[in-house]
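In this note's numbering, the protein residues as written are 36 to 436. Ideal Cβ positions, reconstructed from N, Cα and C, are used throughout, including at glycine. Remember, predicted model here, so these are calculated numbers, not experimental data. Accompanying notes for the structure given below.
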Amino acid sequence: MQNRKSRTGLRSLSTRNQLRYQRHRMFAFVATVALATLVLSPLALNAQRSLVTHTSGGDKQAAAIEAYWTPERMASAIPIDIGRPDAGAVRGAPSRALASGAPGLAGGYDPVSKQMIQPNAAHFPDAKVTPGPQTGGYPGPNGTFYYVATAAAYKVYPISTVGKLYGHDPVTGGNFQCTASVTVGNANVLNVIWTAGHCVANGGQSYFYDNWMFCPQLDKKAEPVGCWTGTNGATVFTVWYANGDLTRDEGVIFLNSTGTKKAENVASVVGGLGLAWDWGDVHWFHYGYPCVAVSGVTPNWDCTQIAETAAEYRYSVNIGGSGPEVNSWGSAQTEGASGSAVQLDGGFNYGGGNWINSNVSFYFTSGPNGNEHGIELQGPYYDDTVCSSLWAPATGYTGGC
Numbered sequence: 036m037q038n039r040k041s042r043t044g045l046r047s048l049s050t051r052n053q054l055r056y057q058r059h060r061m062f063a064f065v066a067t068v069a070l071a072t073l074v075l076s077p078l079a080l081n082a083q084r085s086l087v088t089h090t091s092g093g094d095k096q097a098a099a100i101e102a103y104w105t106p107e108r109m110a111s112a113i114p115i116d117i118g119r120p121d122a123g124a125v126r127g128a129p130s131r132a133l134a135s136g137a138p139g140l141a142g143g144y145d146p147v148s149k150q151m152i153q154p155n156a157a158h159f160p161d162a163k164v165t166p167g168p169q170t171g172g173y174p175g176p177n178g179t180f181y182y183v184a185t186a187a188a189y190k191v192y193p194i195s196t197v198g199k200l201y202g203h204d205p206v207t208g209g210n211f212q213c214t215a216s217v218t219v220g221n222a223n224v225l226n227v228i229w230t231a232g233h234c235v236a237n238g239g240q241s242y243f244y245d246n247w248m249f250c251p252q253l254d255k256k257a258e259p260v261g262c263w264t265g266t267n268g269a270t271v272f273t274v275w276y277a278n279g280d281l282t283r284d285e286g287v288i289f290l291n292s293t294g295t296k297k298a299e300n301v302a303s304v305v306g307g308l309g310l311a312w313d314w315g316d317v318h319w320f321h322y323g324y325p326c327v328a329v330s331g332v333t334p335n336w337d338c339t340q341i342a343e344t345a346a347e348y349r350y351s352v353n354i355g356g357s358g359p360e361v362n363s364w365g366s367a368q369t370e371g372a373s374g375s376a377v378q379l380d381g382g383f384n385y386g387g388g389n390w391i392n393s394n395v396s397f398y399f400t401s402g403p404n405g406n407e408h409g410i411e412l413q414g415p416y417y418d419d420t421v422c423s424s425l426w427a428p429a430t431g432y433t434g435g436c
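Written as structure tokens, this is what we have:
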């Protein structure tokens with residue numbers, strides 16, 4: 036299992052200007068991107084397939100899903116509860132090592148040039164050969180605020196890839212909402228979105244949700260580019276599906292090739308993020324649609340606008356499970372931001388990054404810091420298994436992980 040160094044101390048920043056603090060060092064980025072196609076034996080392929088569980092999506096048609104999501108149902112969809120008790124979690128033991136794998140970047144699709152983004156060292160000019168210590172522990176330097184709320188701003192890549200995800204629970208009959216982002220690993224596969232596993236399947240109860248509809252750039256209920264339905268199935272890690280293992284709380288949904296307003300794949304319209312794995316000491320941005328306000332702690336989130344968080348990885352938390360210790364970072368985003376792609380930042384600017392490096396999964400309702408609602412979030416650490424077993428097969432990426 037690949038882990039990272041613990042973090043100590045305390046520092047908190049609350050505004051955009053305060054966030055222009057000294058960058059800490061990161062892992063060196065290996066600039067060379069492997070282009071060789073993976074060649075796996077049948078035994079290896081079966082092992083890879085057993086790590087994930089897939090649904091075909093049944094026989095739902097796009098028109099039926101579009102008709103299902105009336106304005107009333109969209110407005111009443113409930114954000115998924117992401118609070119969980121501490122239950123013996125171990126925060127940042129000093130003996131933990133840094134991530135042992137070589138940091139990797141892959142994918143990303145520019146909606147203007149209609150070309151893949153080629154990662155190189157220029158994306159991370161401040162990367163160092165050795166990682167340095169962080170200053171501060173819970174919750175770490177962070178700032179959360181509404182993103183510039185104009186239609187033009189929402190169309191700027193990579194924020195353009197972020198959208199509201201609606202879904203339906205076929206067992207309870209309830210409707211819910213999350214956040215998702217378009218992701219691209221191959222220019223021939225432009226219909227995949229990335230979100231939390233808990234927005235795709237009921238972990239531990241072993242069933243998939245359905246009636247997904249993804250509306251990128253949603254702004255105060257306006258749908259400038261329309262919405263795309265999830266008619267082509269979805270995939271999650273098997274340990275999430277069967278056991279609710281939060282260390283593997285990631286999922287992908289395959290969308291219809293045409294939307295409600297655009298007769299083309301979603302990534303052709305809004306672009307797509309790539310993936311970053313095996314990174315350690317990093318700064319992040321994440322964009323979501325938070326719905327729940329915490330009195331005296333967060334703004335009065337309204338579910339209809341993108342909120343932006345600028346933060347950094349603080350420390351690891353061992354919650355058990357099959358994957359690496361989960362990430363922790365300061366954020367005032369809450370329910371509704373589930374699945375928000377935590378983007379690796381290459382220049383510490385407010386336009387975000389191009390590569391998904393974690394996702395919003397949960398917060399602790401108890402423990403040494405008390406209830407962390409609206410203060411700190413946790414999300415899975417992305418190792419090469421996330422790349423090779425979930426992201427690459429879903430997006431058609433053929434390079435090495």
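Helix, strand or coil at Cys436 [DSSP, three-state]: Taking the sequence shown and counting its residues from 1, the one referred to as residue 436 is at position 401. Cys436 falls in the coil class under three-state DSSP.
Helix, strand or coil at Ala215 according to DSSP, with G and I counted as helix: Looking up residue 215 in the sequence shown gives position 180. Looking at Ala215 - three-state DSSP - the assignment turns out to be strand.
DSSP-derived helix/strand/coil call for Pro174: As a working note, residue 174 is residue 139 in the sequence shown. Of the three classes helix, strand and coil, the one that applies to Pro174 here is coil, per DSSP.
Own chain, CB closer than 8 Å to Val206, minus 5 neighbours either side, in chain order: By 1-based counting over the sequence shown, the position of residue 206 is 171. Asn237, Gln240 and Tyr242, listed in sequence order.
Separation of Gly202 from Ser423, as counted between CA atoms: Taking the sequence shown and counting its residues from 1, the one referred to as residue 423 is at position 388. Taking the sequence shown and counting its residues from 1, the one referred to as residue 202 is at position 167. Straight-line Cα distance between these residues: approximately 27 Å.
Helix, strand or coil at Trp426 [DSSP, three-state]: Locating residue 426 in the sequence shown gives position 391, counting from the first residue. Trp426 falls in the helix class under three-state DSSP.
Length of the line joining the Cα atoms of Gly265 and Phe249: Translated into the one-based positions of the sequence shown, residue 265 becomes position 230. Translated into the one-based positions of the sequence shown, residue 249 becomes position 214. Answer to the nearest angstrom: the Cα atoms are 8 Å apart.
For Thr90, three-class secondary structure by DSSP: Position 55 of the sequence shown holds residue 90. Note: Thr90 maps to strand in three-state DSSP.
Closest Cα partner of Trp439 within the set Ala231, Ala302, Trp275 and Cys234: In the structure displayed, the chain extends from 36 to 436; residue 439 sits before or after that span and is not available.
Beta-carbon spacing of Ile117, Glu370 below 8 Å: Looking up residue 117 in the sequence shown gives position 82. Looking up residue 370 in the sequence shown gives position 335. Yes, Cβ-Cβ distance for Ile117 and Glu370 is below 8 Å.
Distance, Tyr417 Cα to Asp313 Cα: What you label residue 313 is simply residue 278 of the sequence shown in a count that begins at 1. What you label residue 417 is simply residue 382 of the sequence shown in a count that begins at 1. Near 6 Å, if we compare the C-alpha coordinates of Tyr417 and Asp313.
Environment of Asp380 [buried if 16+ CB atoms lie within 10 Å]: The residue you call residue 380 lines up with position 345 of the sequence shown. So Asp380 counts as buried.
Among Ala102, Asp121, Asn226 and Ile115, the one whose alpha carbon lies nearest that of Asn404: Locating residue 404 in the sequence shown gives position 369, where the first residue counts as 1. When each option's Cα is compared against that of Asn404, the closest is Asp121.
Continuous alpha helix (DSSP H) assignments of at least 4 residues falling wholly in the segment 287 to 341: 301 to 305
At least 3 beta-carbon pairs within less than 8 Å: the segment 270 to 284 vs the segment 98 to 112: no
Whole-angstrom distance between Thr196 and Val421, CA atom to CA atom: Along the sequence shown, read from residue 1 onward, the residue named residue 421 stands at position 386. Along the sequence shown, read from residue 1 onward, the residue named residue 196 stands at position 161. The straight-line gap from Cα to Cα measures roughly 20 Å.
Proximity of Thr88 and Thr270 at Cβ, strictly below 8 Å: The residue you call residue 88 lines up with position 53 of the sequence shown. The residue you call residue 270 lines up with position 235 of the sequence shown. A contact, by the Cβ cut-off of 8 Å.
The beta strand (DSSP E) enclosing Thr230, as first and last residue numbers: Counted from its first residue, the sequence shown places residue 230 at position 195. Segment Val227 to Thr230, the beta strand (DSSP E) holding Thr230.
DSSP-derived helix/strand/coil call for Leu200: By 1-based counting over the sequence shown, the position of residue 200 is 165. Strand, per DSSP.
Under 8 Å between C-beta atoms of Leu253 and Ala141: Along the sequence shown, one-based indexing puts residue 253 at 218. Along the sequence shown, one-based indexing puts residue 141 at 106. Result no, Cβ atoms of Leu253 and Ala141 do not sit closer than 8 Å.
Neighbourhood of Pro77 by C-beta, 8 Å cutoff - its chain only, sequence neighbours within 5 removed: Taking the sequence shown and counting its residues from 1, the one referred to as residue 77 is at position 42. Its pLDDT being 32, under 50, Pro77 is placed unreliably in this model, and the value from its coordinates should be taken loosely. None.
Start-end ranges of the alpha helix (DSSP H) lying completely within the segment 220 to 288, minimum 4 residues: 273 to 278
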